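Participant:
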Amino acid sequence: MKFSFLKNFNKKLLEGIENFAFPISYSIFLLILIFVPCVHGSNIEEQSKKFIRDLFACDWHQADINDQKMIAIMMENLKKPMSVCGFGFGEINLEFFLNFCNSTKLLEVINKFENGHWQSETFYPKLKNFHKCQLKLGTLPSQPATDRKVYKNGTVEYFGSDIKIVTELEKTFNFTKNVSIFQKNHGEVYINGTADYLIKDLIDGHIDFICAWYFLNAVKAVRMDFTQPYYFIPLIVNISPGIPYSSIENLLRTFSSALWVAFILSTLMITVIVFFINKITKKTFEFHQILIIILGEGTDCKFWSKSSLRPIIVSFAILCVTLRAAYVSKMFDYFKSDDTKIVRSLKEMQERNIELFIPEYLTTYIGDFDAFYDKKLIRITEHHEEYLEKLRDYNFQAGIIFPLDDLARVSKNYTYYILPKPLSYIPVVMYFKKNSYLIKPFSDKIQIMLSAGLIDYWIKIEENCKDVKPQKEAKPMSLEQLSASFYICICGLLLATICFICELINHKINKN
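And the structure:
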């Protein structure tokens, strides 16, 4: 009964430790060290041992720079056995029972406070070794960054690219991660200063940091600290499929309009030349059958006795064979590609007066996009995936701005259409409580992992969905691609003209 007062007092103090700032907690602790032994004498040692062990185990790692000064003072006092008060009721060797997480090694004093001043600007380097102390992590299912699997025996396995990053940090700084909160919502910080879900737990100090592919924005940056961005998610425009092409359009879109015009003009020119020569010829030409196949001429056509038409017929035949092969191959490409009239750019969306939706939480990442997209930009606050389902119908001509990785997770069973160029990129970070001492060392280590390509590699192997890439429509064959065939046809025409002139001269000479 003698020590019931101390036991109850210590218990109440320890229960409220996490609700006080560290300097207050340690100030109370120092007062107890000075006051209690003076009342109870040397028999207080066993009670003090348990109290000090519990006190040092209470969130020591949340200390800021002022707490480090208090720790430095305590470490200076702990270097040697000391007389707690001047009445000589006994000395307490705090070195003997100070337990620092799972380590029995005494902390090293690196700074001293003398004559009202610190000897240097260096304070206790807690982050060089956490000695297996716990850091409380808050996260939620957000593949491929974080997820968990619960086994039948009750054990829980956490996995994902962000979990791999935390595991690497855990090995580096020798701490133990404790996933103390696992929710279903990222949470948000609002302009009025309120927060919810995981972010509220972080701001209130229930956890040390959160990770689950959290986006970096200005509102969050004001209330919390964050690491260096270690991934950038493309922000794309997801669009509805276009109206399907008609049968005639499918036959004609394999060649460009310039190529079709060139082929039609070449055919008309060859036809006129053949019919013109046919009117003035006297004999049947030996290449008559080729002309019948190409032009469908009758068997009563008469030609010059010489070979003036051979170059033009052969060159035109080469042109036709080349165009036929190109047409068949390009038609095969169109069969494999999309067969709808989808938009290819924001400019085309504006020309068609297509509405564009954007989730409210993404508006901070588009900058001055409102001024650029002068058509209707509609903000939506919830039911984002319902709009994605509507976009699968080509009758719903609209678009929605969405993160590419989020779209990949919902597109395993469907095909979605996106514009080729992203609007912007969203930085991904880990968040910490404001003025956290974890920021700099964690960011430095993340930079090393990022430079080594580890984070990109972990994200790639954890990605459990198919890649989402812009749909590549087969492009029509252009006139430039088949220009050589037309050059051959032109050369055939020139050669046929020369032959025709020569035969005409020869015919006149023989007639005279």
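In short: position in the sequence shown from 1, add 3, done, that's the numbering used here. We put the beta carbon where it would ideally sit given N, CA and C, even for glycine. Note that the structure is a prediction, hence the values are computed from the model and not measured.
Assuming Asp150 is part of the alpha helix (DSSP H), what are its boundary residues?
Facilitator: Mapped onto the sequence shown, residue 150 falls at position 147. Per DSSP, Asp150 belongs to no alpha helix (DSSP H); it is in the beta strand (DSSP E), 150-153.
Participant: Roughly how many angstroms separate the alpha carbons of Ser481 and Ser249, rounded to a whole number?
Facilitator: Position 478 of the sequence shown, counted from the first residue, corresponds to residue 481. Position 246 of the sequence shown, counted from the first residue, corresponds to residue 249. So the alpha carbons of these two residues sit roughly 21 Å apart.
Participant: Going by beta carbon distance, what residues of the same chain come within less than 7 Å of Leu322, once the five residues before and after it are set aside?
Facilitator: Taking the sequence shown and counting its residues from 1, the one referred to as residue 322 is at position 319. Hits under 7 Å: Ser269, Ser488, Phe489, Ile491, Cys492.
Participant: Does Ser183 come out as helix, strand or coil in the three-state DSSP assignment?
Facilitator: Residue numbering aside, residue 183 sits at position 180 when the sequence shown is read from its first letter. Ser183: strand per DSSP, three-state reduction.
Participant: Report buried or exposed for Thr149, applying the criterion of at least 16 other Cβ atoms within 10 angstroms of its Cβ.
Facilitator: The count along the sequence shown starts at 1 and reaches residue 149 at position 146. Buried, because 16 or more other Cβ atoms sit within 10 Å of the Cβ of Thr149.
Participant: When we look at the beta-carbon of Ala261 and count the other beta-carbons within 10 Å, is it buried (16 or more) or exposed?
Facilitator: Start at 1 with the first residue of the sequence shown, and residue 261 comes out as number 258. By the neighbour-count rule (16 or more Cβ atoms within 10 Å), Ala261 is not buried but exposed.
Participant: Within the chosen definition, does the region 173-185 reach the region 232-246 through at least 3 CB pairs nearer than 8 Å?
Facilitator: Too few Cβ pairs lie closer than 8 Å, so no.
Participant: Can you tell me whether DSSP reads Glu363 as helix, strand or coil?
Facilitator: Position 360 of the sequence shown, counting from 1, holds the residue named residue 363. If DSSP states are grouped into helix, strand and coil, Glu363 belongs with the helices.
Participant: Can a CB atom of chain D be found closer than 8 Å to the CB of Thr367?
Facilitator: Here there is only one protein chain, and chain D is not present.
Participant: Going by CA-CA distance only, name the one from Gln450, Asp408, Tyr368 that's closest to Gln146.
Facilitator: The residue labelled residue 146 in the question sits at position 143 within the sequence shown. Looking at the Cα atoms, Asp408 is the closest of the given residues.
Participant: When you compare the region 442-459 with the region 185-195, are there three or more beta-carbon pairs, one atom per stretch, that lie closer than 8 Å?
Facilitator: With the cut-off at 8 Å, the region 442-459 and the region 185-195 do not touch.
Participant: With DSSP run on the structure shown, which of helix, strand or coil describes Ile357?
Facilitator: The sequence position of residue 357 within the sequence shown is 354, counting from 1. If DSSP states are grouped into helix, strand and coil, Ile357 belongs with coil.
Participant: Please check the pair Val264 and Gly495, which I expect to be a contact at CB under 8 Å, by giving their CB distance rounded to whole angstroms.
Facilitator: Start at 1 with the first residue of the sequence shown, and residue 264 comes out as number 261. Start at 1 with the first residue of the sequence shown, and residue 495 comes out as number 492. With a Cβ gap of about 20 Å, Val264 and Gly495 do not count as contacting.
Participant: Is it buried or exposed for Lys167, if we count other Cβ within 10 angstroms and need 16 for buried?
Facilitator: Within the sequence shown, numbered from 1, the residue matching residue 167 stands at position 164. It counts as buried.
Participant: Spatial neighbours of Asp2 within its chain, please: CB distance less than 6 Å, with the 5 preceding and 5 following residues excluded, ordered by chain position.
Facilitator: In the structure as shown, the chain starts at 4 and stops at 515, and residue 2 therefore has no counterpart that could be examined.
Participant: Apply the 10 Å Cβ neighbour rule to Pro406 and answer buried if 16 or more other Cβ atoms are within range, or exposed otherwise.
Facilitator: Mapped onto the sequence shown, residue 406 falls at position 403. Its Cβ being crowded by 16 or more others within 10 Å, Pro406 is buried.
Participant: Would Ile449 and Thr158 be called neighbours here (beta carbons separated by less than 8 Å)?
Facilitator: Residue numbering aside, residue 449 sits at position 446 when the sequence shown is read from its first letter. Residue numbering aside, residue 158 sits at position 155 when the sequence shown is read from its first letter. No. Outside cutoff.
Participant: If you count every other CB in all the chains shown that lies within 10 Å of the CB of Lys350, and 16 or more means buried, which is it?
Facilitator: Looking up residue 350 in the sequence shown gives position 347. Under this definition Lys350 is an exposed residue.
Participant: Between Phe360, Glu389, Leu391, which has its C-alpha nearest Ile381's C-alpha?
Facilitator: Reading the sequence shown from its first residue, position 378 is the one you call residue 381. Nearest option by C-alpha distance: Phe360.
Participant: Could you pull the start and end residues of the alpha helix (DSSP H) that Glu171 belongs to?
Facilitator: In the sequence shown, residue 171 corresponds to position 168, counting from 1. Taken as a continuous stretch (DSSP letters only), the alpha helix (DSSP H) holding Glu171 covers 164-176.
Participant: Alpha carbons only, please: which of Pro444, Ser446, Lys437 is nearest the one belonging to Asp207?
Facilitator: Numbered from 1 along the sequence shown, position 204 holds the residue referred to as residue 207. Checked all of Pro444, Ser446, Lys437; the closest Cα to Asp207 is Lys437.
Participant: Would you tell me roughly how many angstroms separate the C-alpha atoms of Val192 and Ile369, rounded to the nearest one?
Facilitator: Here residue 192 refers to the residue found at position 189 of the sequence shown. Here residue 369 refers to the residue found at position 366 of the sequence shown. Distance between the alpha carbons of Val192 and Ile369 is about 19 Å.
Participant: Ignore the nearest five residues each way along the sequence and tell me which others in Lys72's own chain have a CB closer than 6 Å to its CB.
Facilitator: As a first step, residue 72 must be located in the sequence shown, where it is residue number 69. Note that Lys72 scores a pLDDT of 43, beneath 50, so its modelled location is shaky and nothing firm can be said.
Participant: On the three-state DSSP scale, how would you describe Val431?
Facilitator: Walking along the sequence shown from the start, residue 431 turns up at place 428. It is a strand residue.
Participant: Please name the residue or residues paired with Arg226 in a DSSP beta bridge.
Facilitator: Position 223 of the sequence shown, counting from 1, holds the residue named residue 226. Per DSSP, none; premise fails for Arg226.
Participant: By how many angstroms is the C-alpha of Ser259 removed from the C-alpha of Leu143?
Facilitator: Numbered from its first residue, the sequence shown carries residue 143 at position 140. Numbered from its first residue, the sequence shown carries residue 259 at position 256. Straight-line Cα distance between these residues: approximately 52 Å.
Participant: Output the boundary residues of the alpha helix (DSSP H) element that contains Ile449.
Facilitator: Along the sequence shown, one-based indexing puts residue 449 at 446. From DSSP, the alpha helix (DSSP H) with Ile449 extends over 442-454.
Participant: Would you tell me roughly how many angstroms separate the C-alpha atoms of Gln65 and His134, rounded to the nearest one?
Facilitator: Counting from 1 along the sequence shown, the entry for residue 65 is found at position 62. Counting from 1 along the sequence shown, the entry for residue 134 is found at position 131. Note that Gln65 scores a pLDDT of 43, beneath 50, so its modelled location is shaky; the value from the coordinates is reported in the next line. Roughly 15 Å between the two C-alpha positions.
Participant: Using the three-state DSSP reduction, which class does Ile345 fall into: helix, strand or coil?
Facilitator: Residue numbering aside, residue 345 sits at position 342 when the sequence shown is read from its first letter. If DSSP states are grouped into helix, strand and coil, Ile345 belongs with coil.
Participant: Please determine, among Asp199, Asp336, Gly402, the residue with the shortest C-alpha to C-alpha distance to Gln353.
Facilitator: Residue 353 sits at position 350 when you count from the first residue of the sequence shown. It is Gly402 whose Cα lies nearest to the Cα of Gln353.
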